[in-house]
Amino acid sequence: MYIKKYMIKPFCTLYFQLKGIHLFAVIPILGLYLILPISHYIAYHFYQNMDMLYMNIINECQYLCPILSVWWIFFVLEHYVEEDGHELLYIGRRNKVVSLILLYILFLLLMIPLFVVYTSFFSDLWWLYAKLIIIQWLYMTILYCGSFLIGKINIPVIITLLYTICAIMGAGGISYYQPIVSSGIEFVQEMRGFLLAGILLMATGCICNHFFPEHNR
37 MYIKKYMIKP
47 FCTLYFQLKG
57 IHLFAVIPIL
67 GLYLILPISH
77 YIAYHFYQNM
87 DMLYMNIINE
97 CQYLCPILSV
107 WWIFFVLEHY
117 VEEDGHELLY
127 IGRRNKVVSL
137 ILLYILFLLL
147 MIPLFVVYTS
157 FFSDLWWLYA
167 KLIIIQWLYM
177 TILYCGSFLI
187 GKINIPVIIT
197 LLYTICAIMG
207 AGGISYYQPI
217 VSSGIEFVQE
227 MRGFLLAGIL
237 LMATGCICNH
247 FFPEHNR
C-alpha cells in the first residue's frame with residue numbers, strides 16, 4: 037500500500053510533464069518504430085543480404101537508442117532545474133531520481149517488441165539489448181549528475197551529444213560502439229567500465245540533487 041502511494045505521485049507528475057511538451061513526446065516512439073524500421077528495410081532492400089541487415093540493426097541501435105532514451109529525461113530535468121517556479125517541485129520530495137528511472141524503464145519496455153522481432157531473425161541480439169540497458173543507464177546518469185551539479189541542462193546535453201559523436205567515431209577508451217555483439221564473459225568485460233561509470237555518476241547525482249534545493253534559495 038505504501039509503495040503504491042509512493043509511486044502514484046511520480047507517475048502523475050511525469051504524465052503532466054510529458055503532456056506539456058506536446059508532440060515532442062512522441063519523438064522516441066517515432067524513432068523506435070519508424071526511423072529504425074525504415075533504416076533496416078532500406079538496408080535489406082538495397083543489399084538483399086541478411087548479414088547487411090544484421091550489421092544495420094547493430095549500428096543503428098547503437099547510434100539512435102541511447103539518444104532517444106534520454107529525450108524525455110531531458111525535458112523532465114529542464115522542469116526540475118530551470119523552469120520558472122521549479123523550487124516548488126522540491127517541497128514534497130527532494131530526490132527526483134525515481135522519475136528519471138521510471139522514464140528509463142519505460143523506454144526499455146518500448147524497445148522489447150522491437151527486439152522480439154530482431155531476435156526472431158538473429159537470436160544473439162538479446163545481448164545487444166542487454167548492452168543498451170547499460171549504455172542508456174550511463175546516458176541517464178550523465179544528464180542527471182550534470183544537470184544537478186551545474187544547475188543547467190544545456191551543458192550536460194552538449195556533453196551527451198559530444199560523447200555520442202566520440203563513441204560513434206570509436207574514440208579509444210570511452211567508446212561503447214562495437215560492430216559486433218559480445219556475449220558471455222566478453223560482454224561483462226566490455227560493459228563493466230560503463231556500468232561502474234553509471235553507478236558513480238548516479239551516486240554523485242543523488243548527492244547533488246539532495247543539496248540542489250538549497251542552491252535555489
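Quick note on numbering: the sequence shown equals residues 37 to 253 in the numbering used here.
Every residue gets a Cβ at the ideal spot worked out from N, C-alpha and C, and that includes glycine.
In this text, all values refer to a predicted model and were calculated from it rather than measured experimentally.
Sequence-distant residues of the same chain with beta carbon closer than 7 Å to residue i, five excluded per side
i	result
Leu54	Ala61, Trp108
Gly182	Ile191, Pro192, Ile195
Ile169	Leu144
Tyr99	Ile204
Asn131	Cys242, Asn245, His246
Gly206	Tyr213
Ser219	Asp160, Trp163
Leu231	Ile170
Leu142	none
Residue i vs residue j beta-carbon contact at 8 Å
i	j	result
Leu179	Phe110	yes
Ile189	Val134	no
Gly234	Leu197	no
Thr240	Pro102	no
Leu113	Glu96	no
Phe184	Phe248	yes
Nearest-angstrom Cβ-Cβ length linking residue i and residue j, presumed shorter than 8 Å
i	j	result
Ser105	Gln172	4 Å
Leu146	Ile65	7 Å
His76	Leu89	6 Å
Met86	Lys167	With a Cβ gap of about 21 Å, Met86 and Lys167 do not count as contacting.
Beta-carbon proximity list for residue i, same chain, < 8 Å, skipping 5 on both sides
i	result
Trp162	Phe151, Thr155
Cys202	Ile210, Ser211
Ile216	Ile94
Leu237	Leu174, Thr177, Ile178, Tyr180, Cys181
Tyr38	Interpretation of Tyr38 is limited by its pLDDT of 49, a score under 50 that renders its predicted location unreliable; the figure taken from the coordinates is listed afterwards. Excluding sequence neighbours, Tyr38 sits near nothing in its chain.
6 Å CB neighbourhood of residue i in its chain, flanking five on each side removed
i	result
Ile63	Trp107
Ile57	Phe111
Leu139	Trp108, Ile109
Measuring CB atoms only, is the segment 148-160 touching the segment 223-236, in the sense that at least three cross pairs come out at less than 8 Å? Result no; under three Cβ-Cβ pairs closer than 8 Å.
Taking the runs of the alpha helix (DSSP H) that are 4 residues or longer, which of them lie wholly in the segment 82-153? DSSP runs (the alpha helix (DSSP H)) wholly in the segment 82-153: 86-105, 107-117.
Counting only runs that start and end within the segment 146-212, where is the alpha helix (DSSP H) found for 4 or more residues in a row? Within the segment 146-212, the complete alpha helix (DSSP H) runs of at least 4 residues are 162-186, 190-205.
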